[in-house]
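Here the protein sequences line up with chains A and B, keeping their order.
Read left to right, the first sequence gives residues 1 to 207 (the UniProt record's numbering).
Read left to right, the second sequence gives residues 1 to 207 (the UniProt record's numbering).
Each remark here refers to the structure printed beneath this line.
2 protein chains.
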Amino acid sequence: MSDLTIWTYDWVPEMPRGFVRDLRLRWACEEAGLPYQVKSTPFKDKGTEHFEHQPFGQAPWLTDGDISIFESGAGLLHLARKSEKLMPRDPVGGAEALQWTIAALNSVEMVSVPWWFLEMSGAEDNGLTGWLESRLDHVERVLNERDWLAAGRFTVADLIMADVLRVEKVRAFGDRPATEAYVARMTERPAFRKAHADQMAHFAAAD
Amino acid sequence: MSDLTIWTYDWVPEMPRGFVRDLRLRWACEEAGLPYQVKSTPFKDKGTEHFEHQPFGQAPWLTDGDISIFESGAGLLHLARKSEKLMPRDPVGGAEALQWTIAALNSVEMVSVPWWFLEMSGAEDNGLTGWLESRLDHVERVLNERDWLAAGRFTVADLIMADVLRVEKVRAFGDRPATEAYVARMTERPAFRKAHADQMAHFAAAD
């Protein structure tokens, strides 16, 4: 049995299935060939223990021996320390992968998730649309020049950026062919497909 | 002369002064005692070189020998590798500092900055207010229990969280005394005060 455990909800409603962020950690473990197990925490009636591991009351968190780490982005960087497949060991390549990982979290998702939240809330005039378009345009320009964000090959930066960009609604406006092709390439990877199928099965099992 | 160079704008308007994110990197270098220099890039007429270093057309970025790294969060994690003062070397303490660094960027700032953006845009009914309040409440609960976010002492996680929370408008609603005290403690640190004064002087020199 592996020490590496991904904790996620025992069940979620239909809509977020396939997008709960345990998928990021599953995907990374699959890419890296790291053995892991998945355990459940109640979606309803979150207890004190949940908040001790994840102070915002969300999922996932990762345990690894006596380490417990929340935030999918932090979990990814933790896993990246274990596998060169996720992050190059040379300083320049490692810095490239690190900067693009944080860019996905703090430059793209920082706009795309609140934008999506406002859309879902039924906002008629989404005040974040222009900002999101600008961010997506910058990413499109970069992806137009190269296949991978960092170090000339797949890294954890592609994993997180593709997971941020694959939300259909986020890509629903504008014509960004390089981004479309990038998301298609990343989500065709066997490690993504396994992670996605496993998450869907995990939540379906609790129905 | 140090290899470590923080690149920021040559000038910015009054409003963002004291909040441009080169301050995070200056603050971290000051805390860690890492020698560094600051160089300027034009705020107006950003050139191709700017976008080569920072593909979203923002500042700062950090150079360190042949490494160039953008995203202030990534720059902080890069600096944290150089100094145990910023991130503990034991795996549990390191994971705590990492998770709270990402939490500041992807759980708190991911809501606070778009919220602030909508406020600045003159939104009458800011659709992100409830979400921001919930995030701030979770942080308040944690800060009510302890003085530091990670490892029982100052780390880079406190630096980034305090920088996110010190935006006055973000803390203007609700009564969160632990958060207020935390921000006051962090911004009283000599390293913050020096970083802040240096940034103000840098932009004032270009007026």
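Each residue gets a CB set at the ideal place from its N, CA and C atoms; glycine is no exception.
Min CB distance residue i to chain B below 8 angstroms
i                      : result
residue 116 of chain A : no
residue 22 of chain A  : no
residue 78 of chain A  : yes
residue 177 of chain A : no
residue 113 of chain A : yes
Interface flag, residue i vs chain A, CB-CB below 8 angstroms
i                      : result
residue 109 of chain B : yes
residue 34 of chain B  : no
residue 66 of chain B  : yes
residue 102 of chain B : yes
residue 52 of chain B  : no
residue 123 of chain B : yes
residue 56 of chain B  : yes
residue 165 of chain B : no
Same chain, Cβ closer than 7 angstroms to residue i, neighbours up to 5 away in sequence not counted
i                      : result
residue 186 of chain A : 158, 162 and 192
residue 34 of chain B  : 4, 79, 82 and 83
residue 85 of chain B  : 31 and 32
residue 46 of chain A  : 57
residue 119 of chain A : 126 and 169
residue 96 of chain A  : 150 and 151
Three-way DSSP call (helix, strand, coil) for residue i in this model
i                      : result
residue 11 of chain A  : coil
residue 19 of chain A  : coil
residue 199 of chain A : helix
residue 148 of chain B : coil
residue 46 of chain A  : coil
residue 39 of chain A  : strand
residue 62 of chain B  : strand
residue 192 of chain A : helix
residue 68 of chain A  : strand
residue 155 of chain A : coil
residue 98 of chain A  : helix
residue 4 of chain B   : strand
residue 162 of chain B : helix
residue 89 of chain B  : coil
residue 84 of chain A  : coil
residue 137 of chain B : helix
residue 117 of chain B : helix
residue 124 of chain B : coil
residue 167 of chain A : coil
residue 73 of chain B  : helix
residue 177 of chain A : helix
residue 130 of chain A : helix
residue 103 of chain B : helix
residue 34 of chain A  : coil
residue 205 of chain B : coil
6 angstroms CB neighbourhood of residue i in its chain, flanking five on each side removed
i                      : result
residue 101 of chain A : 156, 157 and 160
residue 94 of chain B  : 87 and 88
residue 23 of chain A  : 195 and 199
residue 105 of chain A : 73
Beta-carbon contacts of residue i that lie in its chain and below 8 angstroms, excluding the five residues immediately before and after
i                      : result
residue 55 of chain B  : 70
residue 10 of chain A  : 40, 41, 42, 43 and 206
residue 64 of chain B  : 3, 4, 5 and 78
residue 219 of chain A : Residue 219 of chain A falls outside the range modelled here, since chain A spans only 1 to 207, and no answer is possible.
residue 179 of chain A : 136, 139, 140, 143, 165 and 171
Environment of residue i [buried if 16+ CB atoms lie within 10 Å]
i                      : result
residue 52 of chain A  : exposed
residue 114 of chain B : buried
residue 48 of chain B  : exposed
residue 122 of chain A : exposed
residue 130 of chain B : exposed
residue 168 of chain B : exposed
residue 127 of chain B : buried
residue 103 of chain A : buried
residue 153 of chain A : exposed
residue 134 of chain A : exposed
residue 124 of chain B : exposed
residue 19 of chain B  : exposed
residue 37 of chain A  : exposed
residue 14 of chain A  : exposed
Contact set between residue i and chain E, taken where Cβ atoms lie within less than 9 angstroms
i                      : result
residue 105 of chain A : Here the protein chains are A and B, and chain E is not one of them.
Exercise. Of the residues that make up the segment 126-152 of chain A, which ones have a beta carbon closer than 9 angstroms to any beta carbon in chain B?
Worked result: 126, 127, 128, 131, 134, 135, 138, 139, 141 and 142
For the segment 68-99 of chain A, which residues have a CB atom closer than 7 angstroms to at least one CB atom of chain B, in sequence order?
Flagged, chain order: 69, 70, 71, 73, 74, 77, 78, 91, 92, 95, 98 and 99.
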